[in-house]
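Taking it in order: structure first as C-alpha cells, then the write-up.
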Amino acid sequence: MTQVRTGDVKELVLTDGVTRTQLVQYAGASGDYNPLHSDERFATEVAGFPSVFAHGMLTMGMTGRVITDWFGPEAVLTFGGRFVGQVWPGDQLTATATVTGVRDDGVAELAISTTNQAGDVVLSATATVRTG
Amino acid sequence: MAVERFPVEAGHIMLFARAIGDANPAYYGALTGAADVLAPPTFVQASAQFDPDYPLRPKIGEAWFGSGREATGRPQGGAAGGGGGGTGLHAEQHFTYHRPLRAGDVLHATNRSGERWEKQGRRGGTLVFSEFITEYRDAAGELVVTARTVGVQTEKVPG
Numbered sequence: 007m008t009q010v011r012t013g014d015v016k017e018l019v020l021t022d023g024v025t026r027t028q029l030v031q032y033a034g035a036s037g038d039y040n041p042l043h044s045d046e047r048f049a050t051e052v053a054g055f056p057s058v059f060a061h062g063m064l065t066m067g068m069t070g071r072v073i074t075d076w077f078g079p080e081a082v083l084t085f086g087g088r089f090v091g092q093v094w095p096g097d098q099l100t101a102t103a104t105v106t107g108v109r110d111d112g113v114a115e116l117a118i119s120t121t122n123q124a125g126d127v128v129l130s131a132t133a134t135v136r137t138g
Numbered sequence: 011m012a013v014e015r016f017p018v019e020a021g022h023i024m025l026f027a028r029a030i031g032d033a034n035p036a037y038y039g040a041l042t043g044a045a046d047v048l049a050p051p052t053f054v055q056a057s058a059q060f061d062p063d064y065p066l067r068p069k070i071g072e073a074w075f076g077s078g079r080e081a082t083g084r085p086q087g088g089a090a091g092g093g094g095g096g097t098g099l100h101a102e103q104h105f106t107y108h109r110p111l112r113a114g115d116v117l118h119a120t121n122r123s124g125e126r127w128e129k130q131g132r133r134g135g136t137l138v139f140s141e142f143i144t145e146y147r148d149a150a151g152e153l154v155v156t157a158r159t160v161g162v163q164t165e166k167v168p169g
C-alpha cells in the first residue's frame, strides 16, 4: 500500500504527441467508431472541425495512468472527470495528481488535471484510492 | 444501451491498454501468460463493443455516416459526440469501482436515466445536461462498476 500525505503531487507526461493512429487504436479497442475521431474528411468537410480530435475517453483513459502508476489498478475506488477542452493530433499531454485529503480509513482523495502543451486544462478529474 | 453479455477478455484488455499508452504489466497477461489480468480503470467503456445497437459502430449491411467516396456516406449524417448520444457531447464521466475488474469476469450492464438540468451557455443558448447511469454486474449479480455519464445538448439560439 502506498502511503501519502495531503499535498503530495505526481506529474506524468502522458504523451509527447497524440497521433491519428492512436485515435484509430482507441476507436478499435473501445468500439467508439465515431468518424469525428478517425475520419479526417468527415471531421473537416461534414462536421466543420479543423481536424479529427481525440475521444474524451481516450484522454481520461490516458490520465488514469497517473493514478494507477502511483497506487496500482486495484487501489482505485472512484475516478471521474469533466471534459474541459478538446485534444488534437500533435498535442502533448501531462497529468498532475495532487492528494487533497487522506481519510481516517486510509482512503486518499486526489485532484487531477490534464493539460496540453499550452498549459490549457483538457480534463479535470478527481479520484479516490485505498492507501491503507 | 443494455449490454447482456460483456466478457472481459485478456486480449481485449491488452489492446485497450496499448490504445491508452499504458505499459503496466498488470494489463498484458495475454502476452506474458500471467494468470491474473486487471482491467484499466476506464475499460468498461469498451462494453460498447458488446452492445448490438451501439450507434457509433458501422452495422453490417447498413449505410455509415463516415466518409467513403464522399465525405459522408449518409447525407443526413452529422451525428456527433459520445455519451450524450444524438447531437450531444460527452461532458463528464464518473466511475465507482466496487471491486477490481479482471479478465475472466463476464459482466452484464443495465442503465437508467439520472438527473437532468439546464445551464445558460456563454453564447446565450441553453445547455441541457442529462445523466445516464450504467451498472455493471458480474455473473453472480454482484455490482462491479457503476458508471455515470453526463451528456450535454446545446439548444441553438434562434436566428
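Taken in order, these protein sequences are the chains called A and B. Heads up: the first sequence at position 103 corresponds to 109 in this note's numbering, and the numbers run straight through without jumps. Heads up: the second sequence at position 12 corresponds to 22 in this note's numbering, and the numbers run straight through without jumps. C-beta atoms are modelled at their ideal positions from N, C-alpha and C, and glycine is treated no differently.
Residue i vs residue j beta-carbon contact at 8 Å
i                 : j                 : result
Leu20 of chain A  : His43 of chain A  : no
Pro79 of chain A  : Leu99 of chain B  : no
Val82 of chain A  : Arg11 of chain A  : no
His104 of chain B : Arg158 of chain B : yes
Glu141 of chain B : Gly124 of chain B : yes
Thr52 of chain B  : Gly62 of chain A  : no
Val18 of chain B  : Ala113 of chain B : yes
Ala29 of chain B  : Ala49 of chain A  : no
Glu165 of chain B : Thr156 of chain B : no
Ala60 of chain A  : Val24 of chain A  : yes
Tyr38 of chain B  : Ala45 of chain B  : no
Arg47 of chain A  : Ser77 of chain B  : yes
Thr74 of chain A  : Pro62 of chain B  : no
Thr82 of chain B  : Val52 of chain A  : yes
Asp115 of chain B : Val154 of chain B : yes
8 Å Cβ cut-off: residues of chain B touching residue i
i                 : result
Ile73 of chain A  : Pro51
Leu83 of chain A  : Thr106, Tyr107
Gln98 of chain A  : In chain order: nothing, as chain B lies at least about 12 Å away.
Met139 of chain A : This structure gives no information on residue 139 of chain A, because the portion of chain A shown stretches from 7 to 138.
Partners in chain A for residue i, counting only beta-carbon separations shorter than 7 Å
i                 : result
Glu145 of chain B : Here the premise fails: no neighbours, minimum Cβ distance about 15 Å.
Tyr64 of chain B  : Gly37
Gln55 of chain B  : Ser36, Met63
Ala58 of chain B  : Ser36, Gly37, Asp38
Ala81 of chain B  : Arg47, Phe48, Glu51, Val52
Ser140 of chain B : Correct list: empty, because the minimum Cβ distance to chain A is about 15 Å.
Ala36 of chain B  : Pro79
Gly76 of chain B  : Pro41, Asp45, Phe48
Integer-rounded CB distance, given that residue j should sit under 8 Å from residue i
i                 : j                 : result
Asn128 of chain A : Thr65 of chain A  : In the sequence as presented, Asn is not what sits at residue 128 of chain A; that position holds Val. That pair is a contact at about 6 Å.
Ser57 of chain A  : Trp94 of chain A  : 6 Å
Thr104 of chain A : Thr8 of chain A   : Contact flag wrong, Cβ pair sits at about 15 Å.
Gly86 of chain A  : Thr132 of chain A : 6 Å
Leu41 of chain B  : Asp38 of chain A  : About 24 Å; that fails the 8 Å criterion.
Closer than 7 Å at the beta carbon, the chain B residues around residue i
i               : result
Arg4 of chain A : Because residue 4 of chain A is not part of the residues shown, which for chain A are 7 to 138, the question remains open.
Where residue i meets chain A, residues with beta-carbon distance less than 8 Å
i                : result
Leu48 of chain B : Pro79, Glu80
Contact set between residue i and chain B, taken where Cβ atoms lie within less than 9 Å
i                : result
Gly70 of chain A : Ile30, Asp32, Pro50, Pro51, Thr52
Under 9 Å by beta carbon: chain A residues contacting residue i
i                : result
Ala12 of chain B : Those do not exist, as Ala12 of chain B stays about 15 Å from chain A at its closest Cβ, beyond 9 Å.
Phe16 of chain B : Ordered by position in chain A, no residue passes the 9 Å Cβ test against Phe16 of chain B, which lies about 11 Å from the chain.
Check: residue i C-beta below 7 Å from any heavy atom of the ligand ATP
i                : result
Ile30 of chain B : With respect to the ligand ATP, the structure shown offers nothing to examine, as it has no ligands at all.
Chain E residues whose Cβ lies nearer than 8 Å to that of residue i
i                : result
Gly98 of chain B : Checking the listed chains, one finds no chain E in this structure; the protein chains it contains are A and B.
For the region 101-120 of chain B, which residues have a beta carbon sitting closer than 8 Å to at least one beta carbon of chain A? Per Cβ criterion, the list reads Ala101, Glu102, Gln103, His104, Phe105, Thr106, Tyr107, Pro110.
Please list the residues of the region 103-118 of chain A that have a C-beta atom closer than 8 Å to any C-beta atom in chain B, keeping them in chain order. Result list empty, no residue passes.
If we count Cβ pairs, one from each stretch, closer than 8 Å, do we get three or more for the region 19-34 of chain B versus the region 90-110 of chain A? With the cut-off at 8 Å, the region 19-34 of chain B and the region 90-110 of chain A do not touch.
Can we say the region 128-141 of chain B touches the region 63-75 of chain B, given the rule of at least three CB pairs closer than 8 Å? Short answer: they don't touch.
Whether or not the region 110-128 of chain B and the region 48-61 of chain B are in contact is what I'm after, with contact meaning three or more pairs of Cβ atoms, one per stretch, closer than 8 Å; do they touch? They touch, by the three-pair rule.
To be precise: take each residue of the region 14-34 of chain A, compare its Cβ to all Cβ atoms of chain B, and keep it if any distance is under 8 Å. Which residues remain? Within the region 14-34 of chain A, the qualifying residues are Leu20, Thr21, Gln28, Gln31, Tyr32, Gly34.
Contact list for the region 18-34 of chain B against chain A, Cβ threshold 8 Å: For the region 18-34 of chain B, the residues whose beta carbon sits under 8 Å from a beta carbon of chain A are, in order, His22, Leu25, Phe26, Arg28, Ala29, Ile30, Gly31, Asp32, Asn34.
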